[in-house]
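Sequential numbering of the sequence shown, starting at 360, is according to this note's numbering.
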Amino acid sequence: MNKYHVNEKGYYGPFGGAYIPEMLYPNVEELQQKYLDIIQDESFQQEFQELLRDYVGRPSPLYLAKRLSQRYGANIYLKREDLNHTGAHKINNTVGQILLAERLGKKRIIAETGAGQHGVATATVCALKGLECIVYMGEVDIARQAPNVARMKMMGAKVIAAQSGSRTLKDATNEALRDWINNPVDTHYIIGSVVGPHPYPDMVAKFQSIISEETKKQLLEKTDSDTPNYVIACVGGGSNAAGMFYHFLDQEEVKLIAVEAAGHGVESGESAATTALGKEGVLHGSRSILMQTDDGQVIEPYSISAGLDYPGIGPQHAWLFKNGRGSYVSITDDEAMQAGLRLTQLEGIIPAIESSHALAYLEKMSFKGDETVVICLSGRGDKDLDNYTKYFGL
Ligand SMILES: *Cc1c(COP(=O)(O)O)cnc(C)c1O
C-alpha cells in the first residue's frame, strides 16, 4: 500500500472513513472485516476472472483511434469499456460485488441508481445469480430513464421510487441506506461507484482496477512501453476513473486527468464540478469534497449527462485532487456534446455523454512530439441517442 491507497483505518489522507449511523455498524463492519479475504481468495478470483471474460466480454479492446490521433497530434488510445455487456464499466463492479454477496451468504440485493445504468448492471448480475433485487431510483429519474427502468423490470428487479427531496440520485441513496438498516442480516447493498463508507471506495476501485491492469498489458504489446504520458477519465462518483488510474498511481510520470461535468458552466449555478466548487464534508458515509451551501446543505448538481450529476466525488479522488497527483478539470455540456459528435464522425463510435466529457478535454491540451494518451471510454451512447439527436437537431 502506498500514499495514494486506502490505509488500514479506511482513509485516504484526511478523506474516507465510515461516517454511518450506529444501526449500520454491523453491516459495514462485517464488510470491512471480510472483503479483502474474500476477494483475494483463489476461488473468488477464478470465478471473477471467468465471468469478466465469458460474461462481460473482457479484456475490452485498447483501440488506437487513428483519425482522432491525427486531429490532436498524439497517439490516442481508447479503452473500450463501451463494449462490455450492458454497455459500460459498471458491470465490472457489480459482478465483483455479487460474488462477494454470495460468499457472505446474502440472499437479497439492494442498489441505488440515478440514470439507471448501475441499476441495470445490478439487476443483470442478480438475474445471473438468481438473487432478489431491489433498486431505489428517484421518481424524477424513473420518468427520465424509462428504457433502463424497463430493462431492470424485465430482469426481474423491483424498482422502488424515491419520493423525498429532489427525487433523484441522492434521495435514492438515502432510501437504499434506510432499507439496509432495516434488513441488516440477509441484504447486501451494491454501491455503484467509489463512494460510501469504507470499504466501498477501495472495494469498488479494486473491482474496476481491471481497466488499468489490462491497459498496461495492451499498451506494452502495442507500443513496447506500458507507460502512457496521459490517462484521462470522466468523474461522476469516480469509479471508471479510479479503475483507469489504479495501476498508474505509483508511476508519477503518468499524468492523471479527471474530468468533471461543468454543466452550463462552473459559475452558472448549474453544474457538477465538484472539485471546482466543493468543500470538505461528509456525504453518504465518507469524508470527501462535495458541493454544499455555507450551512452544509448539499447543492443539487446538474449535468446533461445523468451519470455525472453527483454532488460529490469518492474520497480517493478528493485525496488525489488535494495532494496534486491528479488534475481535476471540467467540461461543459456543450463541449461534451461536440466531442461526442466528433468521435462518432471521426471513428464511428457513439460514446456515452459521460465519456464525451473525457474526450472533450483533448481540445484543451497541446501535445509535443510522440505522446501517448489513454482515454477511458466508459460507456456507449445508445442510451443517449435521444439527447444527442435533440441537441443537434438531427
Ligand atoms: C455511471 C457512469 C459514469 C460515472 O460514474 P463513475 O463512477 O464516475 O465512473 C461514467 N460513464 C458512464 C458510461 C456511466 O454509466
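We put the CB at the ideal spot given by N, CA and C, even for glycine.
What would DSSP say about Ser598, mapped onto helix, strand or coil?
Indexing the sequence shown from 1 puts residue 598 at position 239. Three-state DSSP puts Ser598 in a helix.
Cα-Cα, which of Val641, His364, Lys466, Ile672 is closest to Asp545?
Taking the first residue of the sequence shown as position 1, residue 545 is located at position 186. Of the listed residues, the one whose Cα sits closest to Asp545 is Lys466.
Which residues have their C-beta within less than 7 angstroms of a heavy atom of ligand 1, listed in chain order?
Taking each Cβ in turn, the ones that pass are Ala447, His448, Lys449, Ala474, Gln476, His477, Gly551, Ser552, Val553, Cys593, Val594, Gly595, Gly596, Gly597, Ser598, Asn599, Ala600, Gly666, Leu667, Ala711, Glu713, Ser714, Ser737, Gly738.
Could you tell me the distance, in whole angstroms, from the CA atom of Glu713 to the CA atom of Gln405?
Residue mapping note: residue 713 aligns to position 354 of the sequence shown, counting from 1. Residue mapping note: residue 405 aligns to position 46 of the sequence shown, counting from 1. Glu713 and Gln405: Cα-Cα distance of roughly 31 angstroms.
Can you look up Ser627 in the DSSP assignment and give me helix, strand or coil?
In the sequence shown, the residue the question calls residue 627 occupies position 268. If DSSP states are grouped into helix, strand and coil, Ser627 belongs with coil.
Spell out the partners DSSP gives His547 in its beta bridges.
Translated into the one-based positions of the sequence shown, residue 547 becomes position 188. Paired residues: Ile468.
Is DSSP giving Met696 helix, strand or coil here?
To locate residue 696, count along the sequence shown from 1; it is residue 337. Met696 falls in the helix class under three-state DSSP.
Determine the contact status of His477 and Glu619, defining contact as a CB-CB distance below 9 angstroms.
For this step, residue 477 is matched to residue 118 along the sequence shown. For this step, residue 619 is matched to residue 260 along the sequence shown. No; because the gap between Cβ atoms is not below 9 angstroms, this pair is not in contact.
On a Cα-Cα basis, can you pick out the residue from Val508, Lys362, Thr527, Ser525 that is closest to Val518?
The residue you call residue 518 lines up with position 159 of the sequence shown. Checked all of Val508, Lys362, Thr527, Ser525; the closest Cα to Val518 is Val508.
Below 8 angstroms on the Cβ atoms is my contact criterion, and I expect Arg759 with Ile569 to pass it. Report the Cβ-Cβ distance as a whole number of Å.
What the structure shows of the chain is the stretch from 360 to 753, and residue 759 is not part of that stretch, so it cannot be assessed.
From this set, Gln577, Lys576, Gly597, which residue's C-alpha is nearest Lys565's C-alpha?
Sequence index remark: in the sequence shown, residue 565 carries index 206 (1-based). Comparing Cα-Cα distances from Lys565 to each of Gln577, Lys576, Gly597, the minimum goes to Gly597.
Rounding to the nearest angstrom, what Cα-Cα distance links His557 and Arg426 in this structure?
Position 198 of the sequence shown, counting from 1, holds the residue named residue 557. Position 67 of the sequence shown, counting from 1, holds the residue named residue 426. Spanning the two alpha carbons is a distance of roughly 42 angstroms.
Along the beta strand (DSSP E) that carries Tyr605, what are the first and last residues, could you check?
Along the sequence shown, read from residue 1 onward, the residue named residue 605 stands at position 246. Where Tyr605 is concerned, there is no enclosing beta strand (DSSP E), given that its DSSP letter is neither H nor E.
Just tell me which of Glu573, Val484, Lys742 has its CA closest to the CA of Pro710.
As a first step, residue 710 is located in the sequence shown; it is residue number 351 there, counting from the start. That would be Lys742, whose Cα lies nearest to the Cα of Pro710.
Could you spell out the range, first to last residue, of the alpha helix (DSSP H) harbouring Leu679?
Within the sequence shown, numbered from 1, the residue matching residue 679 stands at position 320. Residues 674-681.
Given this structure, state the Cα-to-Cα distance separating Met360 from Tyr750, to the nearest angstrom.
The residue you call residue 360 lines up with position 1 of the sequence shown. The residue you call residue 750 lines up with position 391 of the sequence shown. Confidence at Met360 is low in this model, with a pLDDT of 49, below 50, so its placement is unreliable and the value that follows should be read with caution. One C-alpha to the other measures close to 45 angstroms.
Once you ignore the five residues that flank Thr731 on each side, which residues in its own chain have a CB closer than 6 angstroms to its CB?
Along the sequence shown, one-based indexing puts residue 731 at 372. Excluding positions up to five away in sequence, the list reads Asn434, Pro587, Asn588.
Exposed or buried, Glu773, counting other C-beta atoms within 10 Å across all chains shown (16 or more means buried)?
No statement about residue 773 is possible, as the shown extent of the chain runs from 360 to 753 and does not include it.
Sort Ser686, Ala677, Ser725, Ser662 by Cα distance to Ala695 and report the nearest one.
Within the sequence shown, numbered from 1, the residue matching residue 695 stands at position 336. Nearest C-alpha to Ala695: Ser662.
Are Met511 and Val499 closer than 9 angstroms when you measure CB to CB?
The residue you call residue 511 lines up with position 152 of the sequence shown. The residue you call residue 499 lines up with position 140 of the sequence shown. No.
Leu736 to Gly707, Cα distance in whole Å?
Numbered from its first residue, the sequence shown carries residue 736 at position 377. Numbered from its first residue, the sequence shown carries residue 707 at position 348. For Leu736 and Gly707, the distance between alpha carbons rounds to 13 angstroms.
Any idea what DSSP makes of Phe726, helix, strand or coil?
On the sequence shown, position 367 is the one that residue 726 refers to. Phe726 falls in the coil class under three-state DSSP.
Determine, using beta carbons only, whether Tyr720 and Val594 come nearer to each other than 9 angstroms.
Counting from 1 along the sequence shown, the entry for residue 720 is found at position 361. Counting from 1 along the sequence shown, the entry for residue 594 is found at position 235. No; because the gap between Cβ atoms is not below 9 angstroms, this pair is not in contact.
Identify the residues that DSSP records as bridge partners of Ser689: which are they?
Mapped onto the sequence shown, residue 689 falls at position 330. Note: Ser689 sits in a beta bridge opposite Glu619.
Inspect the beta-carbon positions of Ser571 and Gly551 and report whether they are closer than 9 angstroms.
The residue labelled residue 571 in the question sits at position 212 within the sequence shown. The residue labelled residue 551 in the question sits at position 192 within the sequence shown. Contact flag unset, no.
Within 10 angstroms of its Cβ, does Gln651 collect 16 or more other Cβ (buried), or is it exposed?
Within the sequence shown, the letter at position 292 stands for residue 651. Buried is the call here.
Pick helix, strand or coil for Thr574, following the three-state DSSP scheme.
On the sequence shown, position 215 is the one that residue 574 refers to. Helix at Thr574.
With 16 other CB atoms within 10 Å as the buried threshold, where does Ser428 fall?
Here the question's residue 428 lines up with position 69 in the sequence shown. That one is buried.
What is the rounded straight-line gap between the Cα of Leu388 and the Cα of Val657?
Here residue 388 refers to the residue found at position 29 when the sequence shown is read from its first residue. Here residue 657 refers to the residue found at position 298 when the sequence shown is read from its first residue. Note on residue identity: the sequence assigns Glu, not Leu, to residue 388. The straight-line gap from Cα to Cα measures roughly 27 angstroms.
Considering Cα atoms alone, identify which of Asp583, Ala698, Glu580, Leu642 is closest to Lys529.
Taking the first residue of the sequence shown as position 1, residue 529 is located at position 170. Nearest of Asp583, Ala698, Glu580, Leu642 to Lys529, Cα basis: Leu642.
Which same chain residues, not among the five before or five after Leu615, have their C-beta less than 6 angstroms away from its C-beta?
Here the question's residue 615 lines up with position 256 in the sequence shown. Val590, Phe604, Gly685, listed in sequence order.
Looking only at its chain, what residues have a beta carbon closer than 6 angstroms to the beta carbon of Arg439, apart from the 5 residues adjacent to it on each side?
Position 80 of the sequence shown holds residue 439. Contacts found: Ser419, Pro420, Tyr422, Leu736.
Taking the continuous alpha helix (DSSP H) assigned at Ala717, which residues delimit it?
Start at 1 with the first residue of the sequence shown, and residue 717 comes out as number 358. Ala717 -> alpha helix (DSSP H) spans 712-719.
Skipping 5 residues on each side, what residues in its chain have a beta carbon closer than 6 angstroms to that of Leu578?
Residue 578 sits at position 219 when you count from the first residue of the sequence shown. Once the five neighbours on either side are set aside, the close Cβ partners of Leu578 are Asp585.
Who does Ala447 pair with in a DSSP beta bridge?
Against the sequence shown, residue 447 aligns to sequence position 88. DSSP output for Ala447 lists Gly738 as bridge partner(s).
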